[in-house]
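Asker: Here it is: the structure, laid out below.
Residue numbers (my numbering): 45 to 614.
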């Protein structure tokens, strides 16, 4: 992260003009009546801080709540955003526990690790600490940002907030120099201590721009980069350093921890849909982009919903259940709406499975499960704790189970999965499955420099397995090394861009009336990623890990349903 300064003369010319306009508007009857509107009770606990470089979301919410589309639907930016993982990245209890584990595993690099991870999880606090003091941000321990009452606590918990994304400039966007948290914040510290550029997709209305500048210090500026996939790559394209486990030296190269942007670049979606098109879909028809101002903002087309949906249901469920303890600002209803919408996206827009070629020959039932991806990157993608798998069941005419692969318990532990049974196990990718303890799991498995399986990010130097479903349009001849499959998937001729085919061969004694069921399920946090924390669970040395495991025990880590198919033989 760096700060790009704007020229003082530009702010002097534009800023003084807009401030003058704002003063006139703010004393007008219309503006006064807007400001004196009945307070929204859900705004009471929102963070309100006009910081040196950023405003917190409570200030933005004043004008970006109570927004409607032409059909009367609430499309308020703040309301939709507040329950998202972007809005809660600094509160995320698994991230806090994982950060503590990384520090305990590499204590000599504690300050570096905390500051690096905060770059994208607590970006306003980390940026402010770096720019104001030249020091890294302390997250954990006495005086750390997660502790209430500390200097950067409010900024830290406001997470990936409004002014963070809207102040990132176009410098090095989409380039390695601008990824892994190396975003550039556009602003000025010269003559206008609180003036900062706020990028948006629309040409600013002069009166509205003056209103924002006077009330928040934000200078509205139109730029197309705010709607580009390259903006998202600032944090979601992440290459991490790693240690050699034998020498304990930091390697001179980095590991591709998550690469959804590169995956998207190597898909058919790069020519038709940006990241925002799926994760921040455009409102159907006309809608407001703000609710207050003078004049009252008009309806316009092309307004993006700030839903920021992914596939993560589990952590929002924990945040919802332990909201007071984790200092959330979202209501229970907002969390539930986010959870419901996320489930809808998983079930409607993520993947499809079909059963094909089912037949019984010489006492063996054979059938294919054809998997199709509907997303513009690998599925699952990004943080490597995520996995999706096929739960296949065959029942006889009476309903009794004669074969089952991929069953799971309340902790999301998959029966027969080598890695769930053994921390050093790796369940292979399958082209043909013949036994119940063989499970098709689409996942990344990381390894350290000695080839050991690991869930410690700063020990991860390679993938021992990566058979995540490739996006449509993926071409192995042109794909960069960072996104190629690893393990048996690399030689599976049916594992191609956009799909995979798995053949099942099941011994049966009676062919009549057999029913085949396939269910694809998804898990944000694979079983091993939680279980590996237990060895560090010390209430004094690792309170964040102890807290997370308590939440984990209370909120079942059952996988989420994605899609299914059923076929019955005559």
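Glycine included, every Cβ here is placed at the ideal spot set by N, Cα and C.
1. Going by C-alpha distance, which of 478, 593, 612 and 540 is nearest residue 547?
2. Given this structure, state the Cα-to-Cα distance separating residue 501 from residue 301, to the nearest angstrom.
3. Apart from the five residues just before and just after residue 359, which ones in its own chain have a Cβ nearer than 7 angstroms to its Cβ?
4. Using CA atoms only, rank isn't needed, just tell me which of 381, 485 and 334 is closest to residue 357.
5. What are the boundary residues of the beta strand (DSSP E) that includes residue 609?
6. Specify the secondary structure class of residue 615 as computed by DSSP and reduced to three states.
7. Inspect the CB distances between the segment 387-397 and the segment 414-426 and report whether three or more fall short of 8 angstroms.
8. Taking residue 607 as the reference, which of 454, 446 and 433 has the closest Cα?
9. Excluding the five sequence neighbours on either side, which residues of its own chain have a C-beta within less than 7 angstroms of the C-beta of residue 379, listed in chain order?
10. Using a Cβ-Cβ cut-off of 7 angstroms (strictly less than) and excluding sequence neighbours within five positions of residue 307, which residues of its own chain qualify?
11. Residue 491 and residue 601: beta carbons closer than 7 angstroms?
12. Between which two residues does the beta strand (DSSP E) harbouring residue 401 extend?
13. According to DSSP, is residue 252 part of a helix, a strand, or is it coil?
14. Can residue 325 and residue 334 be called in contact, C-beta distance under 7 angstroms?
15. Buried or exposed for residue 264, please, with buried defined as at least 16 other CB atoms from any protein chain shown within 10 angstroms of its CB.
16. Here's the rule: buried if 16 or more other CB atoms are within 10 angstroms of the residue's CB, otherwise exposed. What is residue 582?
17. If you draw a straight line from the C-alpha of residue 534 to the C-alpha of residue 494, how long is it?
18. Using a Cβ-Cβ cut-off of 6 angstroms (strictly less than) and excluding sequence neighbours within five positions of residue 188, which residues of its own chain qualify?
19. Skipping 5 residues on each side, what residues in its chain have a beta carbon closer than 7 angstroms to that of residue 107?
20. Decide yes or no for the touch test of the segment 308-328 against the segment 266-277: beta carbon pairs closer than 8 angstroms, at least 3 of them.
21. So what does DSSP say about residue 33, is it helix, strand or coil?
22. If we count the other Cβ atoms within 10 Å of its Cβ and call it buried at 16 or more, is residue 282 buried or exposed?
23. Just to confirm my understanding: we take residue 387, look at its own chain, exclude 5 residues before and 5 after, and list those with CB closer than 7 angstroms. What are they?
24. Do residue 36 and residue 460 have their CB atoms nearer than 7 angstroms?
25. Which same chain residues, not among the five before or five after residue 347, have their C-beta less than 6 angstroms away from its C-beta?
26. Starting from residue 563, trace the alpha helix (DSSP H) both ways and give me its first and last residue.
27. Using the Cα positions of residue 155 and residue 175, report the straight-line distance between them to the nearest angstrom.
28. May I ask you to verify whether the segment 436-455 touches the segment 541-556, counting CB pairs closer than 8 angstroms and requiring at least 3?
29. Taking the C-alpha atoms as reference points, what is the distance between residue 74 and residue 251?
30. With H, G and I counted as helix, E and B as strand and the rest as coil, what does DSSP make of residue 631?
31. Between 489, 609, 96 and 373, which has its C-alpha nearest residue 571's C-alpha?
32. Can you grab the Cα-Cα spacing for the pair residue 405 / residue 453, in whole Å?
33. Starting from residue 139, follow the alpha helix (DSSP H) in both directions and report where the run begins and ends.
34. Where does residue 475 sit, in a helix, a strand or coil, going by DSSP?
35. Bridge partners for residue 133 per DSSP, in chain order?
36. Would you kindly report the start and end of the unbroken alpha helix (DSSP H) that includes residue 575?
Answerer: Well, looking at it:
1. 478
2. 8 angstroms
3. 129, 136, 138 and 568
4. 381
5. 604-612
6. The question about residue 615 has no answer here: the residues shown for the chain are numbered 45 through 614.
7. yes
8. 433
9. 127, 360, 363 and 364
10. 421, 422, 425, 515 and 527
11. no
12. 395-405
13. helix
14. no
15. buried
16. exposed
17. 22 angstroms
18. 182
19. 334, 335, 336 and 337
20. yes
21. No answer is possible for residue 33: it lies beyond the span of the chain, which begins at 45 and ends at 614.
22. buried
23. 357 and 604
24. In the structure as shown, the chain starts at 45 and stops at 614, and residue 36 therefore has no counterpart that could be examined.
25. 327, 331 and 333
26. It is not in any alpha helix (DSSP H) - residue 563 instead sits in the beta strand (DSSP E) that spans 559-567.
27. 16 angstroms
28. yes
29. Note that residue 74 scores a pLDDT of 34, beneath 50, so its modelled location is shaky and nothing firm can be said.
30. Residue 631 is absent from the model: the chain starts at 45 and stops at 614.
31. 489
32. 33 angstroms
33. 137-149
34. coil
35. BP columns for residue 133 are empty, so no partner.
36. 571-575
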